[in-house]
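Those protein sequence lines, which keep their order, are chains A and B.
Per our numbering, the very first residue in the first sequence carries number 296; after that it's consecutive.
Per our numbering, the very first residue in the second sequence carries number -6; after that it's consecutive.
Glycine included, C-beta positions come from ideal geometry on N, C-alpha and C.
On a predicted model such as this, the values are computed, not experimentally measured, just so you know.
Here is the structure we will look at, set down as structure tokens.
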Amino acid sequence: MTALSDLVFKTMATQAFRLAAASAAAFLVVSALIVGTLFWQTNTLLTDHVVDELRGEAAELAREATGSDPVAFAERIRLRSLTTGSSLYFLSDSAGKKLAGNLRSVPPEIADSRTGGVIRFERDGDPLGIERTGVAIPVTVGSSQRLFIGRDIEEQLALAARIKRTFLWGFGALAFAAVIAGIAVGRSVLHRIETINATTRSIMAGDLSRRIPVKGSNDELDELAQSLNGMLDRIEQLMNGLREVSDNIAHDLKTPLNRLRNSAEAALRDSRGEEAYREGLEATIEKADDLIKTFNALLLIARLEAGVVEESAEEFDLGRLVCDVAELYEPVAEEAGLALTIEAEDGIRIRANRQLVGQAVANLADNAIKYSAQTARGPAPAVVSVKAGRNGASAQFSVADRGPGIDAKDRDRALRRFVRLEKSRTQPGTGLGLSLVAAVARLHHGAVRLEDNDPGLRVVVTLPLAAQTN
Amino acid sequence: MRGWAASMYFNWDEAGAAMVLADVLEARRTMRVLVIEDDRETAHFLQKSLKESGHSADVAGDGETGLEMAQSNTYDILIIDRMLPRLDGLTVVKTLRTEGDRTPVLILSALGDVDDRVKGLRAGGDDYLTKPYAYTELLARIEALARRAVPEEQETRYAVGDLVLDRLSHRVTRAGEPIQLQPREYRLLEYLMKNAGQVVTRTMLLENVWDYHFDPQTNVIDVHVSRLRSKIDKGFDRPLLHTVRGAGYMVRDGAV
């Protein structure tokens, strides 16, 4: 019982039920008005017809009475009364004695009336003496006689009653249907919202993988569920990203921090004294510098991902910048036994932060040299190829190496912050180089693509060309 | 003071980097520095280090005090933190500049935003250093700044020992012998010679010779400097391009 009343209460408390109830009420009021009007109209029509007929006959009889002898007139009324039908007559002399007619007596309701009205009557010849309903009016037929004519309206009344009953039943059925529909809609909406609620609660409790079921009916609630699911997907993605980043921060910052601490400790324990302290301090500073580098790169990426660089954006020639930066690395490549080739088109104007794009080129060149150096001992000198050019409506630069490359399945991951593929974990570096490149590209509405250089890796960065200005 | 250059270049391990640096710095002209920094420990560290480097330093703990001190005293250089209580660093710089004070300013900042450097320089700062920084970097920069502030006639010729760089003809000679340099090598040498006798850090070279304000990952600068060195010092008894360990490079004729 409590469960049921609970459900009823809950259903009644829903917005959907309230809406359904309100619309049902409005519907009922309107249909009551329509039904009432119809009934009233029908009734009036029926009554008016009877009354009009009566008046016509009254006028006719009044005319006949003025020109004829009272006995003959009484005879005429008597004849009329004999015809079966709904017509009623009662003719009396001035003393009230019945002269002719099919009514047993003067209906008391209209005995003194000048306009007539509804009467209860018994027919003169009716052996059962059933009381019936009719309407009657007085007719002026001279001073010696009194005439009432009327109509039996029992049939009209029965018709009206049937119409009324039909209307009332219809109205009742409508009201019932409206209430049932309201409750049904309320319950189904309530049920689906309850599902959304339950899912949300379990997500809040920590199960981020839960999703709200979609019915597939493409209605508003489905749309809501889909939007919420989309939002949950995004949140889960961000949470995973965050977790991955913190895991990697833990690894990439904790390890060097630990090494730093170890070297300081070792120096302190060293019995050689001052010389050992000095060496230890130098090593400590060096390690701290590496940490700072990692930290700065991390901050920079975070800021790039958050921000805009309108203030420091300038228009410049991408080809020249790429050449410049590549030239900076040329001697480094040469020392590593690599050949560094540069090809750049002229006049590729882009609008960007020159320092950041330079940093991106530098990171790619540095990576390419670092990873090619391992394989540089082959017969032919490995080549690091740096190119800048146009690709349709975009500017593009690429750095390709002959290093170990990155497997197709790892390429997406490699662009993410802090991800260092297992192979390269042992390599020096912050592990942020590629992610910084990706962040720079994203900031400038560009993109980074990792391709197979067969063998090796080619990183292609596309950036929008500067808008044509005169 | 005798033999300091030799010890700097050849006898690293015996002399020790810090000692050598101290020797080098002792030979400098003394600067009067105002440090506007709200972190007491940092301020104290700077004051102590600058004193050890042969300079004198005053400290102001907030922007208002710093501005007053800068207005009422004459300093060779101002080191201003960006985030200061009462009056922020950029406003201090702007105020000084609108008053016509051209004292060189080095802005320190814990922020490292892409636009921060631009904002700092636009406010009137002469150089910008992001925390955390190495003291040697800061020292090299303020010394370069202080030197730049001294009005000098546009020199057309730099000479260190027997190494001569002619800025008009872009010719470089050592002991009268012409040396062929790539354009970039020429600019590298030009910058080093312009700051002859002073430590120039790798970052300063990257910023001033290449105009890059980013971390080049590897020590690319070292490779470029060693190439330059092989061209100007190879075959000569007296090296002129010295590595200052833990700091950077310096062009100096040891005997001067």
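Contact check, residue i vs residue j, beta carbons under 8 Å
i	j	result
Leu356 (chain A)	Ile432 (chain A)	no
Ile643 (chain A)	Leu731 (chain A)	no
Asp81 (chain B)	Leu99 (chain B)	no
Val345 (chain A)	Val430 (chain A)	yes
Arg220 (chain B)	Glu178 (chain B)	yes
Leu738 (chain A)	Ala690 (chain A)	no
Thr211 (chain B)	Val678 (chain A)	no
Ile214 (chain B)	Leu234 (chain B)	no
Ser680 (chain A)	Val755 (chain A)	no
Leu727 (chain A)	Thr589 (chain A)	yes
Ala50 (chain B)	Leu60 (chain B)	no
Thr96 (chain B)	Tyr68 (chain B)	yes
Gly467 (chain A)	Ala360 (chain A)	no
Cα-Cα separation, residue i to residue j
i	j	result
Val193 (chain B)	Leu158 (chain B)	18 Å
Leu752 (chain A)	Arg744 (chain A)	10 Å
Met24 (chain B)	Leu39 (chain B)	13 Å
Ala660 (chain A)	Ala621 (chain A)	7 Å
Gln173 (chain B)	Asp208 (chain B)	29 Å
Pro508 (chain A)	Ala520 (chain A)	7 Å
Met526 (chain A)	Leu463 (chain A)	52 Å
Thr123 (chain B)	His48 (chain B)	22 Å
Glu200 (chain B)	Arg22 (chain B)	25 Å
Ala367 (chain A)	Ala395 (chain A)	11 Å
Val176 (chain B)	Asp108 (chain B)	First, the residue type needs correcting, since residue 176 (chain B) is Pro and not Val in the sequence shown. Pro176 (chain B) and Asp108 (chain B): Cα-Cα distance of roughly 30 Å.
Ala248 (chain B)	Thr166 (chain B)	Residue placement at Ala248 (chain B) is poorly supported in this model, since its pLDDT is 38, which falls under 50; the coordinates still yield a value, given next. One C-alpha to the other measures close to 19 Å.
Gly93 (chain B)	Ala657 (chain A)	40 Å
Ser719 (chain A)	Ile73 (chain B)	For Ser719 (chain A), the pLDDT reaches just 49, beneath the cut-off of 50, and the residue's location in the model is therefore unreliable, leaving the point undetermined.
Leu594 (chain A)	Ser102 (chain B)	14 Å
Thr84 (chain B)	Gly653 (chain A)	31 Å
Gly633 (chain A)	Pro699 (chain A)	The sequence shown places Leu at residue 633 (chain A), not Gly. When rounded, the distance between both Cα atoms is 15 Å.
Asp347 (chain A)	Leu398 (chain A)	21 Å
Glu531 (chain A)	Leu485 (chain A)	27 Å
Ala592 (chain A)	Leu729 (chain A)	11 Å
Ile544 (chain A)	Leu537 (chain A)	10 Å
Pro232 (chain B)	Arg573 (chain A)	27 Å
Leu18 (chain B)	Arg140 (chain B)	Low confidence applies here, because Leu18 (chain B) scores a pLDDT of 49, under 50, leaving its location unreliable; read the following figure in that light. Looking at the two C-alpha atoms, the distance is approximately 14 Å.
Thr721 (chain A)	Tyr666 (chain A)	Because the pLDDT at Thr721 (chain A) is just 47, under 50, the model does not fix this residue reliably, and the point stays unresolved.
Leu651 (chain A)	Val735 (chain A)	6 Å
Gly741 (chain A)	Asp705 (chain A)	21 Å
Per DSSP, the bridge partner or partners of residue i
i	result
Met243 (chain B)	B:His235
Asn188 (chain B)	DSSP output for Asn188 (chain B) lists no bridge partner at all.
Gln691 (chain A)	A:Gly684, A:Thr757
Gly445 (chain A)	A:Leu383, A:Ala431
Arg737 (chain A)	DSSP output for Arg737 (chain A) lists no bridge partner at all.
Arg415 (chain A)	A:Thr428
Ser49 (chain B)	B:Arg25
Phe839 (chain A)	Any answer about residue 839 (chain A) is impossible in this case: the structure gives chain A only from 296 up to 765.
Glu170 (chain B)	B:Arg167
Val153 (chain B)	B:Leu156
Lys393 (chain A)	A:Ser387
Thr123 (chain B)	B:Ser102
Asp747 (chain A)	A:Leu752
Ala561 (chain A)	None; Ala561 (chain A) has no bridge partner.
Cβ-Cβ separation, residue j to residue i (assumed contact under 8 Å), whole Å
i	j	result
Ala683 (chain A)	Val617 (chain A)	4 Å
Ala608 (chain A)	Arg646 (chain A)	6 Å
Gly154 (chain B)	Asp246 (chain B)	3 Å
Asn686 (chain A)	Thr757 (chain A)	6 Å
Glu30 (chain B)	Val52 (chain B)	7 Å
Asp565 (chain A)	Ala559 (chain A)	Between Ala559 (chain A) and Asp565 (chain A) the Cβ distance is about 11 Å, and since that is not below 8 Å, they are no contact.
Phe334 (chain A)	Ile478 (chain A)	Incorrect: roughly 29 Å between the Cβ atoms, too far for contact.
Asn662 (chain A)	Ala695 (chain A)	That pair is no contact at about 11 Å.
Arg375 (chain A)	Ser382 (chain A)	7 Å
Arg427 (chain A)	Asp407 (chain A)	Not a contact, Cβ separation roughly 22 Å.
Compile a chain-ordered list of the residues in the stretch 606 to 625 of chain A whose CB is closer than 8 Å to at least one CB of chain B. Glu606, Ser607, Asp619, Val620, Glu622, Leu623, Tyr624
Taking any Cβ of chain A, which residues in the stretch 203 to 215 of chain B have a Cβ under 8 Å from it, in chain order? Trp203, Tyr205, His206, Phe207, Asp208, Pro209, Gln210, Thr211, Val213
What are the residues of the stretch 495 to 514 of chain A that lie near chain B, defined by any Cβ-Cβ distance shorter than 9 Å? none
Scan the stretch 76 to 96 of chain B for residues whose Cβ lies nearer than 9 Å to a Cβ of chain A and list them as they occur along the chain. none
Contact residues within the stretch 470 to 489 of chain A, judged by C-beta distance below 9 Å to chain B: none
Select from the stretch 626 to 658 of chain A all residues with a C-beta closer than 7 Å to any C-beta belonging to chain B, and list them in chain order. Pro626, Val627, Glu630, Asn648, Gln650, Leu651, Gly653, Gln654, Ala657, Asn658
Interface positions of the stretch 585 to 596 of chain A facing chain B (Cβ-Cβ less than 9 Å), listed along the chain: Ile587, Lys588, Phe590, Asn591, Ala592, Leu594, Leu595
Going along the stretch 174 to 196 of chain B in order, which residues come within less than 8 Å of chain A, judged by CB to CB distance? Arg177
Taking only beta carbons into account, state which residues of the stretch 543 to 571 of chain A come closer than 7 Å to chain B, listed in chain order. none
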